[in-house]
Amino acid sequence: MKHFDLHCHPALKTFLGSDKEADRDNCWEEADVKGIWEVVDKLVGNILDSQSSLSQIENGNFGLIVAGLYSLEHPMIVGSIIGATNLQILSKHVNELSQPLLQKMVEKDPGFGYNDILEGLKKHLLDSKDEGSTYQLLNKINELDPNKLNIILAIEGGHALFNDLKNFTKDEILNNLDNFKTGPYRYLYLTLTHLATNPFCNQSYGMKLINDKHFLPVGYGITELGYEVINKALDQEIGNQIFIDIKHMSLKSRLQYYELIKDKNPKVPIIISHAGVSGVSYNEKPIYNYRIEGEHVKAYYVKPDGLQGTEFNPWSINLYDEEIPVIIKSGGLIGMIMEQRILGIGKVDPEYFSKAELDDNREIIHQNLNKYKNLYQIQKSKKHDDHAEKYFTSRYLRHLCNNILHIVKVGGKDAWKHICFGTDYDGMIHALRFSKSADKFVKVRRKLTRVLPQMAESDPDTNYYIENIESQVDDILYYNGIRFLDVNFK
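Below you can see the structure in the form of structure tokens.
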């Protein structure tokens with residue numbers, strides 16, 4: 000069985016190993032942290048070891064992947080991880096991180112701006128060759144070769160449209176977007192924002208590990224410049240159309256984007272490339288307390304319950320119930336991430352919003368505040384139980400299945416045709432234990448086929464439309480992605 004991945008990062012880890020392309024391992028090689036730093040890496044979720052080298056992807060039987068090219072934002076490099084430690088300091092001790100590269104990026108040396116780094120990542124992927132292993136970049140789906148690893152490019156983060164956040168022009172941004180649309184290599188989507196602030200829209204808070212003020216959302220919704228970028232990306236008159244990936248956009252920005260699509264581009268499919276679901280309506284955010292901190296709001300959550308002892312992560316980076324039918328109706332794709340926290344495993348940390356976002360939602364939040372305060376006290380009084388004795392299936396697999404089944408519960412029968420995987424391997428994620436890297440993904444089909452029906456049966460009041468689970472799982476693993484590209488990547 001071939002697999003499809005809507006979002007992973009096969010070039011990132013080996014690219015970070017040097018500031019010179021000639022000195023980098025190619026993308027078939029695996030970054031493997033050793034010694035004391037191996038222990039540190041495990042403590043922070045194995046973010047340094049490779050999860051999706053081309054070798055791992057090939058061994059995981061992936062027939063087609065979308066390679067997200069991501070230029071590290073400066074707060075990712077200089078923000079603190081453990082005390083005063085950051086990636087720059089770690090690079091002095093970890094061979095897999097190049098100190099000269101990170102320093103040149105932070106100091107904005109010529110050739111090391113955001114757009115420059117993205118072009119460097121693309122070149123690194125293109126230059127990676129290995130005897131006996133083959134891959135090809137696709138510019139349209141009918142070029143797919145079933146005997147090779149096929150790769151489509153994508154851009155993660157609109158900051159790749161300029162070199163310097165503090166010194167850019169609109170012309171620079173639009174010219175770079177033109178280059179992406181008209182160049183020799185085609186891009187499937189542009190993730191408009193990422194983890195740090197940018198000039199296009201405010202982001203959902205998504206940082207769990209690194210502390211830096213630039214990860215805290217500011218503003219409210221899509222900016223005028225953001226609309227220009229979106230409209231130009233979707234325009235088909237000049238160059239190839241590039242879809243917008245709504246991952247990392249704030250709820251307000253996503254809602255504005257849905258309205259734009261409905262009014263001006265009703266045939267454009269909506270993509271969220273690597274996601275989980277919140278398990279709730281956006282009118283029922285389970286916030287039991289919040290605190291205003293300057294221009295930001297720190298919100299505290301109760302975790303919504305899922306099936307068989309699972310829980311959801313209610314952060315706004317995840318899809319709310321109202322969004323799921325919108326994506327399905329558009330003919331879009333929901334890529335399931337393989338990240339523990341996003342899928343609801345572990346405690347839920349507070350989320351940060353911009354104050355403007357709170358001001359617009361204050362009435363709804365206050366209506367529900369007492370209800371969730373009481374629920375929080377009930378949850379707090381219970382002893383922690385991962386249900387290991389009650390459920391024989393691992394909580395990691397149950398949480399993945401819970402997210403998939405919730406999409407079907409809210410989206411109906413058609414949802415089975417619009418779910419795929421967007422693993423986010425090598426996106427510095429704490430991956431699910433049963434498939435920590437792409438080469439372990441071969442286990443997933445058997446596990447989903449067994450556990451999805453079991454969990455659905457535990458909720459007899461809901462129709463999950465399980466008719467032929469083997470075929471439905473095969474759709475999620477491969478065919479939904481291929482059918483989407485048959486229509487939208489001609």
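Residue 62 in numbering that gives the first Met the number 0 sits at position 63 of the sequence shown; the count goes up by one each step and never skips.
Using N, Cα and C, we set each Cβ at its ideal position, and we do this for glycine too.
Q) Considering only the beta carbon of each residue, do L187 and V65 sit closer than 9 Å? A) yes
(Q) Threshold first: 4 residues or longer. Then list the alpha helix (DSSP H) segments lying entirely within the stretch 84-167, N to C. (A) 86-89, 98-105 and 113-126
Q.
Once DSSP output is grouped into helix, strand and coil, what is the label at Y463?
A. coil
Q | Cβ-based neighbour list, D244, same chain, cut-off 6 Å, excluding 5 preceding and 5 following | A | Y188, T190, I270 and S272
Q | Touch test, the stretch 358-378 against the stretch 274-294, Cβ-Cβ under 8 Å, three pairs minimum | A | yes
Q) Straight-line CA distance for A387 to R432? A) Here A387 scores only 46 on pLDDT, less than 50, and its place in the model should not be relied on; the value that follows carries that caveat. Roughly 15 Å between the two C-alpha positions.
Q) By Cβ distance below 7 Å, which residues in the same chain neighbour I406 in space, the five residues on each side in sequence not counted? A) V276, I323, I333, A414 and I418
Q. Once you ignore the five residues that flank N264 on each side, which residues in its own chain have a CB closer than 6 Å to its CB?
A. L233
Q. If we call anything under 9 Å between Cβ atoms a contact, is I465 one with L447?
A. no
Q: May I ask which residues mark the beginning and end of the alpha helix (DSSP H) holding Y256?
A: L250 to K263
(Q) In chain order, what are the residue ranges of uninterrupted alpha helix (DSSP H) at least 4 long that sit wholly in the stretch 375-438? (A) 394-410
Q: Write down every uninterrupted run of the beta strand (DSSP E) in the stretch 165-201 whose length is 3 residues or greater and which is fully enclosed by it, in chain order.
A: 186-190
(Q) So K207 and D348 are supposed to be a Cβ contact under 8 Å. How far apart are they, rounded? (A) 7 Å
Q: Give the secondary structure of K231 by DSSP, where H, G and I count as helix, E and B as strand, and everything else as coil.
A: helix
Q: With a cut-off of 8 Å on the beta carbons, I'd call P183 and G62 a contact; round off their distance for me.
A: No, P183 and G62 are not in contact; Cβ-Cβ is about 23 Å, not under 8 Å.
Q.
Counting C-beta neighbours from all protein chains within 10 Å, is the total for A30 16 or more, i.e. buried, or is it exposed?
A. buried
**Q.** Proximity winner among L368, M454 and L164, relative to I403 (alpha-carbon distances)
**A.** M454
Q. Shortest alpha-carbon distance to C200 belongs to which of I172, K180, L160 and S249?
A. S249
Q. Would you call Q135 buried or exposed, if buried means 16 or more other Cβ atoms sit within 10 Å of its Cβ?
A. exposed
Q) Is it right to say A437 is buried, meaning 16 or more other beta carbons lie within 10 angstroms of its own, or is it exposed? A) buried
Q: Below 6 Å CB to CB, which residues in the same chain sit around S49 once its five sequence neighbours on both sides are set aside?
A: K12, E29 and A30
(Q) Let me check one thing: in DSSP terms, what residues is Y289 bridge-paired to? (A) A298
(Q) Need the endpoints of the alpha helix (DSSP H) that H73 sits in, please. (A) H73 to V77
Q: Return the first residue and the last residue of the beta strand (DSSP E) that S54 is part of.
A: Counting along the chain, S54 falls outside any beta strand (DSSP E), though it belongs to the alpha helix (DSSP H) covering L53 to N58.
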